[in-house]
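Q:
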DNA sequence: ATCAGTTTGTCAATATTTTAACATAATAAA
DNA sequence: TTTATTATGTTAAAATATTGACAAACTGAT
């Protein structure tokens with residue numbers, strides 16, 4: 001099914017959005033859609049949608065379009081949402097807690113299996129049935145539970161060292177909320193930086209542009 | 213100083229990252245840097261950095277490089293961080309509270325001036341010295357305080373209608389944490405979608421790729 | 001069964017983004 | 001002062017990404 005050559009990251013970054021829109025259409029009771037109609041709803045070109053999907057196979061039918069349910073499933077498979085990976089959360093401050101409580105990771109390919117924080121006062125507390133462990137237990141926990149990925153909600157200053165430790169414990173990817181670019185330090189490891197500051201500054205720029 | 217033709221969003225999206233790295237260098241006591249050295253630290257090409265900066269003016273000197281402090285200031289000005297805009301937060305659930313408490317908006321060009329939530333039990337509570345208002349007070353508040361921007365931390369289902377109301381009340385930009393693409397609905401309004409789900413799915417894809 | 005109308009997958013053309021190359025100008029050392 | 005070195009701003013080339021065009025294939029109505 002997969003075409004062998006590697007797919008550009010521009011395409012990959014659009015897949016979750018397709019997945020989301022197709023989910024919406026499904027919940028509206030729709031069962032089929034053409035690239036043209038989908039493109040209008042998403043604010044893209046039909047050509048781009050067809051081009052993107054073609055990186056992975058042929059999911060549509062001429063004269064008919066795409067089966068919405070089928071296509072969403074396929075994109076889910078491509079993204080790997082079906083076989084959840086184990087995730088641990090490092091840092092149970094406001095952001096960490098918000099993510100753990102508010103965010104359904106299971107439907108996005110991950111299961112949260114452990115929470116850690118340096119702060120002794122937090123240890124023992126429970127978030128969504130998971131106890132917050134002391135950082136001292138990290139080593140042991142990772143060897144027992146083999147998590148695949150870590151969510152970093154820790155101060156900037158701690159980011160590099162904690163990430164270094166985690167890489168040595170076998171962590172393969174980071175969802176990084178720290179104001180620090182991990183990708184530069186760890187080539188070969190997957191990093192998704194969520195730089196909230198950056199997006200806010202971009203918004204600031206854009207608001208100024210329409211004003212002036 | 214500004215060159216008149218509009219600058220591509222690829223360039224704009226890199227500016228906050230430059231700003232951040234330059235801040236780091238400053239705090240390390242460095243005062244000058246060449247595009248070559250900066251590129252190595254950031255994992256870019258020197259050419260790209262020079263090209264990017266050139267969209268806005270000439271900030272360096274041949275044979276010397278860039279003055280770090282000066283360049284950071286200039287990028288801050290370009291982004292508009294100097295003249296803070298007024299922001300309101302809609303939705304004081306976990307994510308909303310985490311942002312309000314955890315996040316320094318002032319240094320990113322915004323001042324948080326009001327918080328709103330539909331839930332009656334939250335109203336009256338205080339977050340960082342700001343009271344949480346009922347949504348009924350939104351109209352009055354906006355007319356009095358003229359906020360420029362709204363942070364949306366509300367359920368998906370409410371997103372469109374709330375945004376619609378806010379646009380009518382003069383809001384010019386959204387920092388949108390809802391799983392919903394506002395940009396499609398409101399052309400002309402600035403929207404920064406923070407789709408945490410999307411970045412998590414992208415990470416899932418990438419972790420699978422290195423596994424297989 | 002036939003035929004007009006759709007819509008895909010793909011190839012080719014266009015546009016955008018990134019990288020490389022280099023003339024020019026400043027630095028810093030002799 | 002002179003000269004070798006450094007490093008910018010800018011132009012040109014290469015690489016990517018997006019869009020347009022169309023033959024082939026299916027739908028659905030007659």
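Protein chains in written order, with our numbering: chain R, 1 to 212; chain H, 213 to 424.
For glycine and all other residues, C-beta sits at the position ideal for the given N, C-alpha and C.
Every value quoted in this text rests on a predicted model; they were computed, and no experiment measured them.
1) Less than 8 Å between CB atoms is the rule here; does residue 255 of chain H satisfy it with respect to chain R?
2) With DSSP collapsed to three states, give me the class of residue 205 of chain R.
3) Find out if the Cβ-Cβ distance for the pair residue 389 of chain H, residue 406 of chain H is shorter than 8 Å.
4) When the cut-off is 8 Å and only beta carbons count, does residue 141 of chain R lie next to chain H?
5) Where does residue 21 of chain R sit, in a helix, a strand or coil, going by DSSP?
6) Quick check on DSSP: helix, strand or coil for residue 149 of chain R?
7) Going by other Cβ atoms of all chains shown within 10 Å of its Cβ, with 16 needed for buried, is residue 74 of chain R buried or exposed?
8) Helix, strand or coil for residue 116 of chain R? Go by DSSP, reduced to three states.
9) How many angstroms separate the CA atom of residue 330 of chain H from the CA atom of residue 352 of chain H?
10) Work out the CA separation of residue 110 of chain R and residue 324 of chain H for me, nearest whole Å.
11) So for residue 274 of chain H, helix, strand or coil by DSSP?
12) For residue 64 of chain R, which of R:77, R:54 and R:31 has the nearest alpha-carbon?
13) Is residue 310 of chain H close to chain R, meaning its C-beta is less than 8 Å from at least one C-beta of that chain?
14) If the cut is a Cβ gap below 8 Å, which residues of chain R does residue 189 of chain H touch?
15) Between residue 72 of chain R and residue 80 of chain R, what straight-line distance do the alpha-carbon atoms span, to the nearest angstrom?
16) Whose CA, out of R:66, R:62 and R:52, lies closest to the CA of residue 22 of chain R?
17) Secondary structure at residue 190 of chain R, three-state DSSP: helix, strand or coil?
18) Under 9 Å, CB to CB, which of the residues in the stretch 169-192 of chain R have a partner in chain H?
19) Which residues in chain H sit within 7 Å of residue 202 of chain R, going by Cβ to Cβ distance?
20) When you compare each of H:418, H:360, H:396 and H:417 to residue 297 of chain H by their alpha carbons, which one comes out closest?
21) Quick one: does residue 160 of chain R have its CB under 8 Å from some CB of chain H?
22) So which residues on chain H does residue 164 of chain R lean against when the C-beta distance must stay under 7 Å?
23) Hey, is the stretch 297-310 of chain H in contact with the stretch 243-263 of chain H, meaning 3+ C-beta pairs nearer than 8 Å?
24) Could you tell me if the beta carbon of residue 399 of chain H falls within a distance shorter than 7 Å of some heavy atom in the ligand NAD?
25) Given that a residue counts as buried once 16 or more other Cβ atoms are within 10 Å of its Cβ, and exposed if not, what is residue 224 of chain H?
26) Let me know if residue 367 of chain H comes out buried or exposed under the rule of 16 or more other beta-carbons within 10 Å of its beta-carbon.
27) Checking contacts by CB at 8 Å: is residue 315 of chain H closer than that to chain R?
28) Roughly how far, in whole angstroms, is the beta-carbon of residue 68 of chain R from the beta-carbon of residue 26 of chain R, given that I think they are within contact range, below 8 Å?
29) Given that residue 291 of chain H touches chain R, what residues does it touch there, using C-beta distances under 9 Å?
30) Threshold first: 3 residues or longer. Then list the beta strand (DSSP E) segments lying entirely within the stretch 67-152 of chain R, N to C.
31) Comparing alpha-carbon positions, which option in H:409, H:365 and H:397 lies nearest residue 105 of chain R?
32) If you measure from the beta carbon of residue 22 of chain R to each beta carbon in chain H, is any gap under 8 Å?
A: This is what the structure gives:
1) Sequence index remark: in the second chain, residue 255 of chain H carries index 43 (1-based). Interface residue, yes.
2) Taking the first residue of the first chain as position 1, residue 205 of chain R is located at position 205. Three-state result, residue 205 of chain R: helix.
3) In the second chain, the residue the question calls residue 389 of chain H occupies position 177. In the second chain, the residue the question calls residue 406 of chain H occupies position 194. Against a cut-off of 8 Å, the Cβ pair of residue 406 of chain H and residue 389 of chain H comes out as a contact.
4) Position 141 of the first chain, counting from 1, holds the residue named residue 141 of chain R. For residue 141 of chain R, the answer is no, since every Cβ of chain H falls outside 8 Å of its Cβ.
5) As a working note, residue 21 of chain R is residue 21 in the first chain. Three-state result, residue 21 of chain R: helix.
6) As a first step, residue 149 of chain R must be located in the first chain, where it is residue number 149. Looking at residue 149 of chain R - three-state DSSP - the assignment turns out to be strand.
7) Taking the first chain and counting its residues from 1, the one referred to as residue 74 of chain R is at position 74. Classification of residue 74 of chain R: buried, given that the 10 Å Cβ count is 16 or more.
8) As a position in the first chain, residue 116 of chain R is number 116, starting the count at 1. Of the three classes helix, strand and coil, the one that applies to residue 116 of chain R here is strand, per DSSP.
9) To locate residue 330 of chain H, count along the second chain from 1; it is residue 118. To locate residue 352 of chain H, count along the second chain from 1; it is residue 140. The alpha-carbon atoms of residue 330 of chain H and residue 352 of chain H are separated by roughly 15 Å.
10) Start at 1 with the first residue of the second chain, and residue 324 of chain H comes out as number 112. Start at 1 with the first residue of the first chain, and residue 110 of chain R comes out as number 110. Between residue 324 of chain H and residue 110 of chain R, the C-alpha separation is close to 33 Å.
11) Translated into positions along the second chain, residue 274 of chain H becomes position 62. Residue 274 of chain H falls in the coil class under three-state DSSP.
12) Locating residue 64 of chain R in the first chain gives position 64, where the first residue counts as 1. With distances taken between Cα atoms, residue 64 of chain R lies closest to R:31.
13) As a position in the second chain, residue 310 of chain H is number 98, starting the count at 1. Yes, residue 310 of chain H lies at the interface with chain R (some Cβ there is under 8 Å from its Cβ).
14) As displayed, chain H neither begins before 213 nor continues past 424, which places residue 189 of chain H out of reach and without an answer.
15) As a position in the first chain, residue 72 of chain R is number 72, starting the count at 1. As a position in the first chain, residue 80 of chain R is number 80, starting the count at 1. For residue 72 of chain R and residue 80 of chain R, the distance between alpha carbons rounds to 12 Å.
16) Here residue 22 of chain R refers to the residue found at position 22 of the first chain. The option with the nearest alpha carbon to residue 22 of chain R is R:66.
17) If you number the first chain from 1, residue 190 of chain R lands on position 190. The answer is strand: DSSP assigns residue 190 of chain R an E or B state.
18) 172, 173, 174, 175, 179, 180, 181, 183, 184, 187, 188, 189, 190, 191 and 192
19) Position 202 of the first chain, counted from the first residue, corresponds to residue 202 of chain R. Per Cβ cutoff of 7 Å: 224, 225, 228 and 404.
20) The sequence position of residue 297 of chain H within the second chain is 85, counting from 1. For the residues H:418, H:360, H:396 and H:417, the minimum Cα distance to residue 297 of chain H belongs to H:360.
21) Residue mapping note: residue 160 of chain R aligns to position 160 of the first chain, counting from 1. Taking Cβ atoms only, chain H never reaches closer than 8 Å to residue 160 of chain R, which makes this a no.
22) The residue given as residue 164 of chain R occupies position 164 in the first chain. Within chain H, no residue comes near residue 164 of chain R; the closest Cβ sits about 17 Å away, beyond 7 Å.
23) no
24) Inclusion of the ligand NAD in the displayed structure is not the case, the ligand content being empty and no account of it being possible.
25) Within the second chain, residue 224 of chain H is the residue found at index 12, counting from 1. Buried.
26) Your numbering for residue 367 of chain H matches position 155 in the second chain. By the neighbour-count rule (16 or more Cβ atoms within 10 Å), residue 367 of chain H is not buried but exposed.
27) Within the second chain, the letter at position 103 stands for residue 315 of chain H. By this cut-off, residue 315 of chain H is an interface position.
28) Your numbering for residue 68 of chain R matches position 68 in the first chain. Your numbering for residue 26 of chain R matches position 26 in the first chain. That belief holds up - the Cβ atoms of residue 68 of chain R and residue 26 of chain R are roughly 5 Å apart, short of 8 Å.
29) Taking the first residue of the second chain as 1, we reach residue 291 of chain H at position 79. Here the neighbours are 201, 202, 204, 205 and 208.
30) 85-90, 110-117, 130-134 and 149-152
31) By one-based count along the first chain, residue 105 of chain R stands at place 105. Comparing Cα-Cα distances from residue 105 of chain R to each of H:409, H:365 and H:397, the minimum goes to H:409.
32) Residue numbering aside, residue 22 of chain R sits at position 22 when the first chain is read from its first letter. Chain H contact via Cβ: absent.
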